[in-house]
Amino acid sequence: MTVPLDRHYLAELQVSAERISRMRRIVAAHLRHWNLDLQVRPVCRAAEELLTNVQRHVGDDNRCVVELRWSGRHLTVSVADDDSRMPRLLDGGGGGLSRVMALSDSWGTCRTGGGKVVWFTRYAETPVPTELLPRTPLPGGLTSRRRPAAALV
């Protein structure tokens, strides 16, 4: 199976509780379209954490950009906003960046000219289909070489 390399999705939104749940559904739809069904739950939870952090720390109705990029081996999700304050990993926290860290293989932050980007990656190799193929018929039209058990008695 060949996968087009570097699948990409980009969306700009104003952060609110309603839009966060809508973006979660959009992310899930893209992952399913890319045949990454096993990634839907952890990726959506981590992306939702990043968006909730924007809402909580930057403010409602702030604009941000969500980007998904899948190379065929790694899936990267990033959220960019226009607030220059860098996020911190808090001790003993069960949510926020602690949850993102637990759900991802790597994560990080980066300052931009107008704010910051917070991102995470997950290993997501190209799925291998496991289709069942029909048996090749035996020569001469025979379907079985063994005699039925009832005929042996």
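Here the sequence shown is numbered in my numbering, starting from 522 and rising by one per residue.
Note that CB positions come from ideal geometry on N, CA and C, so glycine has one too.
On a predicted model such as this, the values are computed, not experimentally measured, just so you know.
{"Check": "Three-state secondary structure (DSSP) of Arg-632", "Outcome": "strand"}
{"Check": "Minimum C-alpha distance to Ala-568 - residue among Gly-636, Ala-532, Gly-635 and Leu-611", "Outcome": "Ala-532"}
{"Check": "Limits of the beta strand (DSSP E) - the one that Val-598 falls within", "Outcome": "595-602"}
{"Check": "Limits of the unbroken beta strand (DSSP E) element including Ala-532", "Outcome": "528-535"}
{"Check": "Bounding residues of the alpha helix (DSSP H) (the contiguous stretch that carries Arg-545)", "Outcome": "538-554"}
{"Check": "Residues near Asp-602 by beta carbon distance below 7 Å, same chain, minus five either side", "Outcome": "Val-575, Val-579, Asn-583, Cys-585, Gly-636 and Lys-637"}
{"Check": "Identified DSSP bridge partners for Cys-585", "Outcome": "Leu-534 and Asp-602"}
{"Check": "Nearest residue (CA-CA) to Ser-542, options Leu-572, His-551, Asn-556 and Arg-528", "Outcome": "Leu-572"}
{"Check": "Residue range of the unbroken alpha helix (DSSP H) whose run includes Met-622", "Outcome": "618-624"}
{"Check": "Which listed residue (Ser-619, Leu-624 and Met-607) has its alpha carbon closest to that of Thr-597", "Outcome": "Leu-624"}
{"Check": "Which listed residue (Gly-634, Arg-632, Cys-631 and Asp-626) has its alpha carbon closest to that of Val-564", "Outcome": "Asp-626"}
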